[in-house]
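Written below as structure tokens is the structure these notes are about.
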Amino acid sequence: MKTNYLITFILIVFINVVYSQLIPRKETINICDKLDEYVNSLYSNEQFLNYSDIKACYESTPYNKTKAIQAVKEYLKAFYALLDQAKEESNPGFDLRPIDIISELDLVLNNNYSYEFQFIYDVENLIGELRDGHTTLYSDYYNKYNFYQGFSMYSVIKKDGTQQIKVFNDLKDPSINDCQVIKIDGRPAIDVIIEFARNYTHRSRDLSSRFNSALASLAFGNGDFGISGTSFTLRNQLPKSPSTSYTLNCNGKISKITREWKVFIKNVQYKSPYITGTSVGKATLIFDAFVARFYALRDFGVVLISTEDILNSDSTLEYRFLSDIAVGFKLLADKGIKKIVLDLSNNGGGLIFVAHYINKLLFPNIKNFPMDFKVNDVSIPLIKEISKLKKGIGSLFSYKTFISAKTNTSFDSVTDLIGNNTYTRGGVQVKYTSKAFFNNTTQYSGILKLPTPPKLPWTEKDIIILTNGLCQSSCAIITQRLAEINVPTVVVGGFPNTRFSFAQYAVGASTATTNIKTLLKLLKNLDSSLISKLSFPPNLTLGFTIAEAYSIKNPNEVMDYAFRPADYQLYYDERSIRDPSLLWIQAAKYIGK
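Okay, structure coming up:
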């Protein structure tokens, strides 16, 4: 569903690439094999890979013009639902330029590169300019390392309205935590972070949300708290310099530190040092549902929700997740809780069936966002052939998966799904399928029958949504859908007095080239020329938005380009950045206003 994007600081080095296939030169194999030995040796005394060794490995592969650009173009033209709308001027609330991605990919080939990785990074960054978290290019070879400095920062707004960058957590020297970061590599820190967020983050079309993603905040996911954001100090592209310098102001004392880029050899799981167990501030835990926690705090309840993918999940476990979520809400209701704060901060997406179930649980009569996807000479043969397969196989392309948004009944045939809808996007005529809803949520989870939801007492006036703007994909399916029935929203962070989005990408569906390749193997009657057109380099993966979602409230509005600023805004301070319960208290004050 997503390019994944909630970083819980599980720093895992993926070294599964066959170097002999990717790097044919003898001198290349030596330096890259050296890295491989360090990683795979159970008895290695090394803690980290050296930046210089990784750089040398990457630079050992000279640039040759490849077919990668053509392959990326073919997939985007065939499937990318937002391809033409990206050419249009966006909502003024967003920070992005109109982009004809197909034409600009061709321009990349005019650049002079010394090494292959420079070319791959430029293509990645160009696709990143779409600011679509579902549409990314990933290299098994040049993105397999996580470069990390063991250093993270956060933002505070002072009483006089000025914004400061401070040290959130430094593994090397914790005594500098909360010191102000004045400069980064000799430039004003705030300017450097904003520039990075504007040019090198793609998790939102909203600059305020991207700014938050560059910095640190606590995140709940996979049953525990970690540290999210930090994209400024945690990267999977080779940084241009081996280290970064930070000028600090610690209680009036000015000092300078340097933090090197490092890559852990062995798997390291880095959890939040500020929250241990299930205790959060003075909130009382009512129930722990693993993907959600239920608290009572003062006179209101808090539901902390993660829609993120779960490690080692299966259908039995997923059924339990949903059952436990229902139990948690019921326990709050039984305790007489009248007001609820839904905290969905730092959700990169993931489990759509959790999102759909929570919406139905809170508001049984709610409908999901309808969707459609592109109709052309590539998608039509896939739709027709996959629709012949057993129900559930390749369901994203099968008419059996959907019900018509117009009639609210199942489609009778492939022709009904394909429809005859043409829109003008980016100055061109583009064909899309009939608008449709997923028939049910079971295709995502493998669950044959969803748990029966209890009857709950709350209305839209009793609930408020809290995020830091980083609520994407399946998370946005909850927050943006509930906002359309007037559940109020609060964001935390961003810039002073600048309204910004509480969520992004309430998408219909996303997929990747690896999934398309799997489907192609099931289809025996496709034309060989079509299969050839959809071939893709084995060491690259392109993820993309394949189905766009539409607003219920404004039926012609595509949700990906809908600027939805929050109703209220909060800011982190030195305490609330490490204790979310303080933010819950502030957010609860807006319930019913």
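With mature numbering (1 follows the signal peptide of the UniProt record, and there is no 0) applied, the sequence shown covers -20 to -1, 1 to 573.
By construction, the Cβ of each residue, glycine as well, lies at the ideal position given by its N, Cα and C atoms.
Note that the structure is predicted; figures quoted are calculated from it, not measured.
Check	Outcome
Beta-carbon contacts of Q566 that lie in its chain and below 7 Å, excluding the five residues immediately before and after	L550
N- and C-terminal bounds of the beta strand (DSSP E) containing A272	272 to 277
Three or more C-beta pairs below 8 Å linking the region 272 to 290 and the region 323 to 337	yes
Neighbour-count burial assignment, Q129, 16 or more Cβ in a 10 Å radius	buried
Burial state of N401, where buried means 16 or more other Cβ atoms lie within 10 Å	exposed
Cα-Cα separation, L187 to R544	13 Å
CB contact flag (L151, E365, <8 Å)	no
Spatial neighbours of V172 in its chain, beta-carbon cut-off 6 Å, leaving aside the 5 residues before and after	I164
Check whether K354 and V410 have beta carbons under 8 Å apart	yes
Cut-off 7 Å between Cβ atoms - residues of its own chain near Y570, not counting five sequence neighbours on either side	I444, P468, V470, Y548
Enclosing alpha helix (DSSP H) for L176 [first to last residue]	Per the sequence shown, the amino acid found at residue 176 is Phe instead of Leu. Element bounds for F176: 169 to 180.
Own chain residues within Cβ distance below 7 Å of S119, not counting five before or after	I100, N519, L520
Span separating the alpha-carbon of N515 from that of T389	Reading off the sequence shown, one finds Ser at residue 515, where the question assumed Asn. Their Cα atoms are separated by approximately 36 Å.
Residue from S453, F244, G281, V334 with nearest C-alpha to Y299	V334
For residue 586, the nearest candidate out of G316, G407, L376, A492 (CA to CA)	There is simply no residue 586 to check, as the chain begins at -20 and stops at 573 in what is shown.
Simplified DSSP assignment, three categories, for N(-5)	Here N(-5) scores only 34 on pLDDT, less than 50, and its place in the model should not be relied on; the value that follows carries that caveat. Reduced to three states, the DSSP call for N(-5) is coil.
Cβ-based burial, Y121 [other Cβ within 10 Å; buried from 16]	buried
Close beta carbons around R461, own chain, < 8 Å, minus the five adjacent residues each side	N339, I346, N348, F349, A486, I532
Cβ pair Y180, Y95 closer than 8 Å	no
Contact set for L22: own chain, Cβ-Cβ below 7 Å, skip 5 residues either direction	Only weak support exists for where L22 lies, its pLDDT of 49 falling under 50; the value from the coordinates is given anyway. Cβ within range, chain order: n/a, list empty.
Beta carbon of F261 nearer than 8 Å to that of L562	Residue identity check: residue 261 is Gly in the sequence provided, not Phe. Result yes, Cβ atoms of G261 and L562 sit closer than 8 Å.
V307 vs F270 beta-carbon contact at 8 Å	no
Assigned secondary structure, G141 (DSSP; H/G/I helix, E/B strand, else coil)	coil
Anticipated Cβ contact below 8 Å, G113 with H182, distance rounded	6 Å
Alpha carbon of E104 to alpha carbon of T116, nearest angstrom	7 Å
Residue from G572, G406, F391, I360 whose Cα sits closest to the Cα of F418	F391
Backbone secondary structure at C159 - three-state DSSP	coil
Spatial distance of S425 from V243 (CA atoms)	Residue placement at S425 cannot be trusted, given a pLDDT of 43 that sits under 50; what the coordinates show is reported in the next sentence. When rounded, the distance between both Cα atoms is 34 Å.
Through-space distance from T224 to W241, alpha-carbon basis	8 Å
L277 beta carbon near the ligand FMN (any heavy atom closer than 7 Å)	Absent from the structure shown: the ligand FMN. Ligands present: none.
Residues that T116 bridges to, as DSSP identifies them	G523
Which residues DSSP lists as bridging Q409, in chain order	T404
As assigned by DSSP and simplified to three states, the class of R5	Caution applies to R5, whose pLDDT of 39 falls short of 50 and renders its modelled position unreliable; the model cannot decide the point.
Backbone secondary structure at E54 - three-state DSSP	helix
Extent of the continuous alpha helix (DSSP H) run through Y396	For the sequence presented, residue 396 should be read as Asp rather than Tyr. From DSSP, the alpha helix (DSSP H) with D396 extends over 394 to 398.
Limits of the unbroken beta strand (DSSP E) element including D323	320 to 323
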